[in-house]
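Chemist: Chains A and B are the protein sequences, given in the same order.
For the first sequence, the UniProt record's numbering gives the first residue as 1, with consecutive numbering after it.
For the second sequence, the UniProt record's numbering gives the first residue as 1, with consecutive numbering after it.
Pasting a structure below so you can have a look.
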Amino acid sequence: MLRRALQLGLGRGLLGRGLLGRGLGTHRGGSTLGKVEGSGGYRGSWVAPVSSYVTFRTRDPAHDGKTVGRLGEGDQNGKVSEIKKKIQSVLPGGAWNPPYDTSYLPPEHSDVVIVGGGVIGLSVAYWLKRLEKPRGAIRVLVVERDHTYSQASTALSVGGIRQQFSVPENIQLSLFSEYLAVVDDPPLDIQFNPSGYLLLASEKGAAVMESNVKVQRQEGAKVCLMSPEQLRNKFPWINTEGVALASYGMEYEGWFDPWCLLQGLRRKVQSMGVLFCHGEVTRFVSSSSHTETTSGEEVTLKRIHEVHVKIDRSLEYQPVECALVINAAGAWSGQIAELAGVGKGPPGTLQGTKLPVERRKRYVYLWHCPQGPGLETPFIVDASGAYFRREGLGNNYLGGCSPTEEEEPDPGNLEVDHDFFQDKVWPPLAQRVPAFETLKVRSAWAGYYDYNTFDQNGVVGPHPLVVNMYFATGFSGHGLQQAPAVGRAVAEMVLDGHFQTINLSPFHFSRFYLGEKVQEHNII
Amino acid sequence: MAAPRAPLHLVMPVWNRGTRGIRGLSRAVALEGSQKKGRSLLQFLADRFYDVQALREYLLQKQVLKVHQKNRPFTYIKERFGPHAAGAYFILKQGGAVKFQGKEWIRSDAHGHFSLDFLKFQAVPVEAVDASGCAINYQGLDSLLALKELQSLWLQRCPHVDDWCLGRLHPLANSLQELSLAGCPRISERGLASLHHLRNLRRLDISDLPAVSNPGLTRILVEEMLPSCQVLGADWAQGLPSGPEEQSQDRASPIPA
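Structural data, given as structure tokens:
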């Protein structure tokens, strides 16, 4: 007993601080308490940390403890690890059981780490768990920095869902979102309003709208084109001056409550066994290997081994060993990609191509108009880019407008600019719906678009050089409606290696390097 | 469930029998032999919690699959006998009733059997469908929407008809004159907003919808939305405070206003 206590003392003193080997639990960067982390394994019954004593003898401190026993003496390493195993099997406890509560920490190993717990990240987690072949085969960890979702695009979204896009894959994505109607356990009510979208086009945009509708109908969307007279018959409160053509989505379009979907997904995903962590990803530990392509060029492939997750409001971080990382961080995916080394290279090469997803601030205003349009109001998008929809039964309306490139507000904070409503949103809406001449703004908020500056379409699929990082981001304001389909596509890519239900290969990262734009024109 | 009460039983012996610390509790429980018999089944199930959960999930999946099976499309009948016959077969199989134009109501009997004479009606359109209480859902509505000359549709008390289904009814806009949604537990005012496509609707029954948040206001808004339709629903004054009784209460109050 006394000898063991001596060993304890020796172990602590001689090892010093911060030299923990892999698999021995947390790193406490910056902490000055020497008593716990300096030594190795405390077992539950406070027996001497023999493993640390053993590891002290074999580890070279300069190497930061990558593997135990790397002194180049093969025999001794084998014997030492044997002895260590025998002692571990005798002592109670087995694995490293710290005597303090570590439930807030993520696990040390996880097969898939999803960075970002918004609707896209949760959708990927859901489909991974649903499509995995043996139950419980894959360990998934979702790392979310803010569990109140105060800045997440999902929670601040207007919640529209539509099929009126111009690129066939987008339409397929939205059509595929039918899984939202499936009964899950417990049943999910996302407060869907099937009122449809009404897109208005002026003379200039009429031809584009017609060709778009043709593409949409080919993919099976039920859209009808209306002339100004038909529009007046259907919705007498619209002023059709300046409108040449309107496309009205009849079925499966409308809006829903994104918070309900988010919480429902969270509950379902937790019941399926996905682990959640309240923390921030601060570092990726990766390794590189050099290979040659078929044409003889030298390529450096990177593989991420560990994700360092820093716990909220603390300096503590946990390195999570992982096989795959999925970047679903929304408006902050550019920063996560930079951490992984995407874009670090000479510009113009594949190594130097950054992920072109930035934060863009968008405002949403809620107003009350007692004489406004009634229950049948669809989600109206005017030719000028301003949009609005009905909210509830009390003559309240939600709306906004996307600013032009020159007027982009500073995305540093989520403050609302009320002058923007006066100058840019109200005039076109009042011209379109004369009843909106008299209205009173009740409230307003701002949220981020994960805006893809390249072509305003999502990025889905692995990075060509960082081989185990998958992207699912950059949807520029339409991530919410495409989330279920994107989640399924990414899960299929992860589990099978290729897309099965929908082919999302046009949305691969390499298009940024090759310059092939998949331009979506119908972005609001 | 009695299982949550088990910890309370554990607490009592600690104080009554003077057990020493945590290790004594298991002894205390073992001594409760007489009361154990009733709890043994629950204890057995509680010990196998994950198996019970898996069984429950399996049973739920089976229920969902059963509804899916009931709503499968009858493509062979559709190709061979036409969309009207296929729609009629679908409704009759679910336990509803169908009325062809110029014929009597066809209903399935208590055992679910019905005569297949209607397959001989070539191109006679279906005029009215009574699908009260049937397990029609979003997919099953495909068969109904093919009935292009349907005039009257009764979907009372259908447990799986929800807002999404109402959004799909627009193909029937030319012919549908009567629609009844009374008692459907999943329909809310959001789905009712999509009924404005049904321009020829003359009678709409939206009474007794438990998921509608404000029945009186909803009825007013639906009446405004469909001006030529007679809407049968909740009383519009429901939910409003009644005027005269309040005033008399004020006068009777001893506290000076």
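Ideal Cβ placement from N, Cα and C applies to all residues, glycine included.
List the whole-angstrom C-beta distance separating Leu-355/A from Gly-341/A, where the pair is believed to meet the contact cut-off of C-beta under 8 Å.
Modeler: At roughly 11 Å, the Cβ-Cβ gap does not stay under 8 Å, so Leu-355/A and Gly-341/A are not in contact.
Chemist: From Arg-199/B to Ser-476/A, what distance separates their C-alpha atoms?
Modeler: Straight-line Cα distance between these residues: approximately 37 Å.
Chemist: Closest to Val-124/A by C-alpha separation, out of Asp-496/A, Gln-500/A, Pro-484/A, would be which residue?
Modeler: If we check each option's Cα against that of Val-124/A, Pro-484/A comes out closest.
Chemist: Do Gly-87/B and Val-126/B have their C-beta atoms closer together than 8 Å?
Modeler: Yes, the pair counts as a contact, with Cβ atoms nearer than the cut-off.
Chemist: Looking at the unbroken alpha helix (DSSP H) that takes in Trp-445/A, where does it start and where does it end?
Modeler: Where Trp-445/A is concerned, there is no enclosing alpha helix (DSSP H), although the beta strand (DSSP E) it sits in stretches over 440 to 452.
Chemist: Excluding the 5 residues preceding and the 5 following His-197/B in the sequence, name in chain order all residues of the same chain whose CB lies nearer than 8 Å to its CB.
Modeler: Leu-169, His-170, Ala-173, listed in sequence order.
Chemist: DSSP has Trp-255/A in a bridge; who is on the other side?
Modeler: Gly-160/A, Asn-193/A, per the DSSP bridge assignment.
Chemist: Please decide whether Glu-251/A counts as near chain B, where near means a Cβ-Cβ distance under 8 Å.
Modeler: Closer than 8 Å to some Cβ of chain B, the Cβ of Glu-251/A qualifies, so yes.
Chemist: From Ser-153/A to Gly-447/A, what distance separates their C-alpha atoms?
Modeler: About 6 Å.
Chemist: Once the 5 residues before and after Val-212/B are set aside, which same chain residues still bring their CB inside 7 Å of it?
Modeler: Excluding residues within five positions, the ones whose Cβ falls inside 7 Å are Ser-188, Glu-189, Thr-218.
Chemist: I'd like to know whether the C-beta atoms of Tyr-365/A and Val-441/A end up nearer to each other than 8 Å.
Modeler: Against a cut-off of 8 Å, the Cβ pair of Val-441/A and Tyr-365/A comes out as a contact.
Chemist: Let me see if you follow: with CB-CB separation under 8 Å, is Gly-374/A close to chain B or not?
Modeler: Taking Cβ atoms only, chain B reaches closer than 8 Å to Gly-374/A, which makes this a yes.
Chemist: Which residues does DSSP pair with Glu-306/A in a beta bridge?
Modeler: Paired residue(s): Val-285/A, Glu-321/A.
Chemist: Going along the chain, which residues of the region 222 to 235 of chain B sit with their C-beta nearer than 8 Å to a C-beta in chain A?
Modeler: Cβ contacts with chain A come from Val-222, Glu-224, Met-225.
Chemist: Under 8 Å, do Ala-489/A and Val-460/A count as touching if we go by C-beta distance?
Modeler: Yes, these two residues count as a Cβ contact at 8 Å.
Chemist: Can you tell me the Cα-Cα spacing of Leu-65/B and Gln-53/B, whole angstroms?
Modeler: Rounded to whole angstroms, Leu-65/B to Gln-53/B spans 18 Å at the Cα level.
Chemist: Going by DSSP in three states, Met-493/A sits in which element: helix, strand or coil?
Modeler: Helix, per DSSP.
Chemist: State yes or no: is the beta carbon of Gly-191/B nearer than 8 Å to at least one beta carbon in chain A?
Modeler: Judged by the 8 Å Cβ criterion, Gly-191/B is in contact with chain A.
Chemist: Which runs of the alpha helix (DSSP H) spanning at least 4 residues fall entirely within the region 211 to 275 of chain A, listed in chain order?
Modeler: Listed in chain order, the complete alpha helix (DSSP H) runs (minimum 4 residues) inside the region 211 to 275 of chain A are 228 to 234, 258 to 271.
Chemist: Starting from Cys-165/B, follow the alpha helix (DSSP H) in both directions and report where the run begins and ends.
Modeler: Residues 163 to 166.
Chemist: I need the straight-line Cα distance from Asp-162/B to Asp-450/A, nearest angstrom please.
Modeler: Rounded to whole angstroms, Asp-162/B to Asp-450/A spans 33 Å at the Cα level.
Chemist: Closer than 7 Å, Cβ to any Cβ of chain B: which residues of the region 383 to 407 of chain A, in chain order?
Modeler: Answer set for the region 383 to 407 of chain A: Leu-393.
Chemist: Is there contact here, the region 241 to 261 of chain A with the region 199 to 212 of chain A, by at least three beta-carbon pairs under 8 Å?
Modeler: Counting Cβ pairs under 8 Å, three or more are found: they touch.
Chemist: From Gly-385/A to Gln-422/A, what distance separates their C-alpha atoms?
Modeler: When rounded, the distance between both Cα atoms is 15 Å.
Chemist: Would you say Arg-168/B reaches chain A, if we count a Cβ-Cβ gap shorter than 8 Å as a contact?
Modeler: With 8 Å as the cut-off, Arg-168/B counts as an interface residue toward chain A.
Chemist: Using 8 Å as the limit for Cβ to Cβ distance, is Gln-216/A near chain B?
Modeler: No - not a single Cβ of chain B is within 8 Å of the one on Gln-216/A.
Chemist: Quick one: does Ser-180/B have its CB under 8 Å from some CB of chain A?
Modeler: Ser-180/B does not count as touching chain A.
Chemist: Among Phe-90/B, Pro-210/B, Ile-77/B, Leu-201/B, which residue has its Cα nearest to the Cα of Arg-107/B?
Modeler: Comparing Cα positions, the closest option is Phe-90/B.
Chemist: So, under 8 Å CB-CB, Ile-304/A and Cys-322/A are touching, yes? Tell me the CB distance rounded to an integer number of Å.
Modeler: Rounded, the Cβ-Cβ distance is 7 Å, consistent with contact.
Chemist: Is the region 77 to 87 of chain A touching the region 110 to 125 of chain A in the sense that three or more CB pairs, one from each, lie closer than 8 Å?
Modeler: Because the criterion of three Cβ pairs below 8 Å is not met, the region 110 to 125 of chain A and the region 77 to 87 of chain A do not touch.
Chemist: Taking 8 Å as the cut-off, does the region 214 to 234 of chain B touch the region 221 to 232 of chain A (at least 3 CB pairs, one atom from each stretch)?
Modeler: Verdict: no, contact absent.
Chemist: What is the residue span of the alpha helix (DSSP H) that Tyr-89/B lies within?
Modeler: Taken as a continuous stretch (DSSP letters only), the alpha helix (DSSP H) holding Tyr-89/B covers 83 to 94.
Chemist: Give me the residue from Arg-232/A, Glu-376/A, Gly-412/A with the minimum Cα distance to Tyr-397/A.
Modeler: Of Arg-232/A, Glu-376/A, Gly-412/A, the residue nearest in Cα terms is Glu-376/A.
Chemist: At a CB distance below 9 Å, what residues from the region 206 to 220 of chain B approach chain E? Give them in sequence order.
Modeler: The chain inventory of the structure shown lacks chain E, comprising the protein chains A and B.
Chemist: How big is the Cα-Cα spacing for residue 537/A and Val-143/A?
Modeler: Because chain A spans 1 through 524 in this model, residue 537/A falls outside it and cannot be assessed.
Chemist: Taking Cβ-Cβ distances shorter than 7 Å, what residues in chain A pair up with Ser-194/B?
Modeler: The contacting residues are Pro-194, Ser-195.
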